[in-house]
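This report concerns only the one structure given below.
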Amino acid sequence: GAVVSQHPSWVICKSGTSVKIECRSLDFQATTMFWYRQFPKQSLMLMATSNEGSKATYEQGVEKDKFLINHASLTLSTLTVTSAHPEDSSFYICSAHSGRIMNTEAFFGQGTRLTVV
Amino acid sequence: GENVEQHPSTLSVQEGDSAVIKCTYSDSASNYFPWYKQELGKGPQLIIDIRSNVGEKKDQRIAVTLNKTAKHFSLHITETQPEDSAVYFCAASSPRDSSYKLIFGSGTRLLVRP
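Protein chains in written order, with my numbering: chain A, 1 to 117; chain B, 1001 to 1114.
Take a look at the structure:
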């Protein structure tokens, strides 16, 4: 299957600083990418849909000014957690669709564990 | 919007036995139903999926069944092995949403006892 690479795999940052997470589709072009957050022993909660060349669509309750998403190319989307606080500590996962018509398969990155101290 | 419910939340089976995980969905227009396996500290990995024009799909020890009338679908793992131990998530997507976003179930923690 297609490969989605996420970087970094883990990061520790101080409270108040910003952290950027990258999501790359390595062998296909992704017109749409998704960002999820997963707390321990819980399911994946969709944060936002990232569309190449346009603004991201955020799910209800997700602060767009805190979680900045940029999808500047067909192979890269970034999530920046601004002014991070301990409650932002979580496992962040991206996924990508190849964008082919009728293809709804989603490929996931390996996730980024963010710890805010 | 779509809502997906999954049960059981935990499942413990003896090696070699079968495991069944069930999900229900609310949006009758949903037409794509993938199953993901997630190991500790890793991203979900697609193990099998089914579309609404098919009632059953099988891949070696893994099978998925879909009942559109009842709006539920199930994952069947036969001859379970210890390496099958992980968290399994079902998901659904609907053509009502052009982005094909997936709505996930709450997950099932499967433990296969040697």
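Every residue, glycine too, gets a C-beta built ideally from N, C-alpha and C.
Run through chain B and tell me which residues come within less than 8 angstroms of GLY111/A, C-beta to C-beta.
In the first sequence, counting from the first residue as 1, residue 111/A sits at position 111. For GLY111/A, the chain B residues whose Cβ falls inside 8 angstroms of its Cβ are GLY1041, LYS1042 and GLY1043, in order along the chain.
Who are the Cβ neighbours of THR49/A in its own chain at under 6 angstroms, not counting the five residues just before and after it?
Walking along the first sequence from the start, residue 49/A turns up at place 49. Once the five neighbours on either side are set aside, the close Cβ partners of THR49/A are PHE34 and THR57.
Pairwise C-alpha distance: ARG1061/B and ILE1048/B:
As a position in the second sequence, residue 1048/B is number 48, starting the count at 1. As a position in the second sequence, residue 1061/B is number 61, starting the count at 1. Taking the straight line from one Cα to the other gives about 11 angstroms.
Would you say PHE1104/B reaches chain A, if we count a Cβ-Cβ gap shorter than 8 angstroms as a contact?
Locating residue 1104/B in the second sequence gives position 104, where the first residue counts as 1. Interface residue (Cβ-Cβ distance to chain A less than 8 angstroms): PHE1104/B is classified as such.
Best match in LEU1111/B, ARG1109/B, SER1106/B and ALA1092/B for proximity to SER1026/B [C-alpha to C-alpha]:
The residue given as residue 1026/B occupies position 26 in the second sequence. Comparing Cα positions, the closest option is ALA1092/B.
Euclidean distance between Cα positions of THR31/A and SER95/A:
Against the first sequence, residue 31/A aligns to sequence position 31. Against the first sequence, residue 95/A aligns to sequence position 95. C-alpha separation (whole angstroms): 11 angstroms.
Would TYR15/A be called buried (16 or more neighbouring beta carbons within 10 Å of its own) or exposed?
Position 15 of the first sequence, counting from 1, holds the residue named residue 15/A. The amino acid occupying residue 15/A in the given sequence is Ser; Tyr does not appear at that position. The residue in question, SER15/A, is exposed, as its Cβ has fewer than 16 Cβ neighbours within 10 Å.
Check whether the region 1069-1077 of chain B touches the region 1021-1040 of chain B, taking contact to mean three or more Cβ pairs, one atom from each stretch, closer than 8 angstroms.
Between the region 1069-1077 of chain B and the region 1021-1040 of chain B there are three or more C-beta pairs closer than 8 angstroms, enough to call the two in contact.
Would you please verify whether the beta carbon of LYS1101/B is less than 8 angstroms from any beta carbon of chain E?
Judged by its chain identifiers, the structure shown contains no chain E, and its protein chains are A and B.
Whole-angstrom distance between GLY1055/B and ALA1063/B, CA atom to CA atom:
As a position in the second sequence, residue 1063/B is number 63, starting the count at 1. As a position in the second sequence, residue 1055/B is number 55, starting the count at 1. When the Cα atoms are used, ALA1063/B and GLY1055/B turn out to be separated by approximately 11 angstroms.
Taking just the CA atoms, how far does THR82/A sit from ASN1031/B?
To locate residue 1031/B, count along the second sequence from 1; it is residue 31. To locate residue 82/A, count along the first sequence from 1; it is residue 82. Across the structure, ASN1031/B and THR82/A are spaced so that their CA atoms are roughly 36 angstroms apart.
By the criterion of Cβ-Cβ separation under 8 angstroms, what are the contact partners of ILE93/A in chain B?
Residue numbering aside, residue 93/A sits at position 93 when the first sequence is read from its first letter. Per Cβ cutoff of 8 angstroms: GLY1043 and PRO1044.
Return the residue from the list ALA1029/B, LYS1037/B and PRO1008/B that minimises the CA-CA distance to TYR1100/B.
The residue you call residue 1100/B lines up with position 100 of the second sequence. The candidate whose alpha carbon is nearest that of TYR1100/B is ALA1029/B.
Whole-angstrom distance between THR1069/B and HIS7/A, CA atom to CA atom
Indexing the first sequence from 1 puts residue 7/A at position 7. Indexing the second sequence from 1 puts residue 1069/B at position 69. Between HIS7/A and THR1069/B, the C-alpha separation is close to 42 angstroms.
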